[in-house]
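Numbering (the working numbering), first residue to last: -10 to 212.
C-beta: ideal position from N, C-alpha, C; glycine also.
Take a look at the structure:
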């Protein structure tokens, strides 16, 4: 599937790629509407419909991912509510083995995520993800989401990489299209970002089911 001998840098999305998207899906679709309804004494079904419509209005923007924005918009502490379900934070299958193999092979591994720092910090508290990669970058640091061309220019400024020798894995097709326009050569989508959700096949990019399929072997950049 991949020519590891020509890959120097591995760029990785976090939610839905390295971590099971179920935590986030459950929070935004189930837990937040329920807790918001409880806090404001409203009907949970009506709140869920209204909240889904309201969130979708920000789709594709940085606000979509910004916990500060939603905390202010909804007048609730989003991070505190997320802490109520941290038992749902988990790795996708074989991620730890894949990251260890990438490190052992001497390739640079960088997480690039649209997750807000509040959400990112929460994930790092409950996993050892931060110890398994060389660097973690949030698009909020640039004020540009990965869907925008400006994100990749900002990334190149602080984390130089050769697009022709870079692998990028993400569960978002709009983000992968953005990376493709930037010139990143190796692009992989995720078949099932949410372990309890539906598969998401596509005809645009190579599809990865489990990381055991692409663990690099016989490559050593350390010599």
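Every unbroken alpha helix (DSSP H) inside the region 5 to 45 [4 residues or more]: 11 to 15, 21 to 29 and 33 to 45
Opposing strand residues paired with residue 127 [DSSP bridges]: 102
Supposed close pair residue 116, residue 80 - CB separation, criterion 8 Å: Going by Cβ atoms, the distance from residue 116 to residue 80 rounds to 7 Å, so yes, they are a contact pair.
Cβ pair count under 8 Å reaching 3, the region 161 to 168 against the region 52 to 66: Contact between the region 161 to 168 and the region 52 to 66 is absent: fewer than 3 CB-CB pairs across the two stretches fall below 8 Å.
Straight-line gap, residue 5 to residue 112 (C-alpha atoms, nearest Å): Cα to Cα, the separation comes out at about 13 Å.
Check whether residue 98 and residue 109 have beta carbons under 8 Å apart: no
Boundaries of the beta strand (DSSP E) in which residue 178 is found, first to last residue: 175 to 179
Within the region 48 to 119, ranges of the alpha helix (DSSP H) (whole runs, at least 4 residues): Counting only runs of 4 or more, we get 56 to 63, 67 to 72, 84 to 93 and 106 to 115.
Same chain only: Cβ atoms within 7 Å of residue 191, ignoring 5 sequence neighbours per side: Cβ within range, chain order: 162 and 178.
DSSP three-state assignment for residue 150, whether helix, strand or coil: Three-state result, residue 150: coil.
Residue closest to residue 10, alpha-carbon to alpha-carbon, out of 197, 206, 185 and 86: Nearest in C-alpha terms to residue 10, of all of 197, 206, 185 and 86, is 185.
Given 8 Å, three or more beta-carbon pairs between the region 30 to 47 and the region 124 to 140: no
Which of helix, strand or coil DSSP assigns to residue 144: Secondary structure at residue 144: helix, using DSSP grouped into helix, strand and coil.
Residue 157 in three-state terms, based on DSSP: strand
Inter-residue Cα distance where the pair is residue 141 and residue 106: 19 Å
Assigned exposure category for residue 104 - 16 Cβ within 10 Å defines buried: buried
Rounded separation between residue 27 and residue 1 - CA only: Distance between the alpha carbons of residue 27 and residue 1 is about 37 Å.
Segment contact flag, the region 153 to 160 with the region 123 to 132, C-beta cutoff 8 Å, min 3 pairs: no
C-beta neighbour in chain B for residue 161, strict 8 Å: In the structure shown, chain B cannot be found, because there is only a single protein chain.
Residue environment, residue 86, which counts as buried when at least 16 other CB atoms sit within 10 Å: Label assigned to residue 86: exposed.
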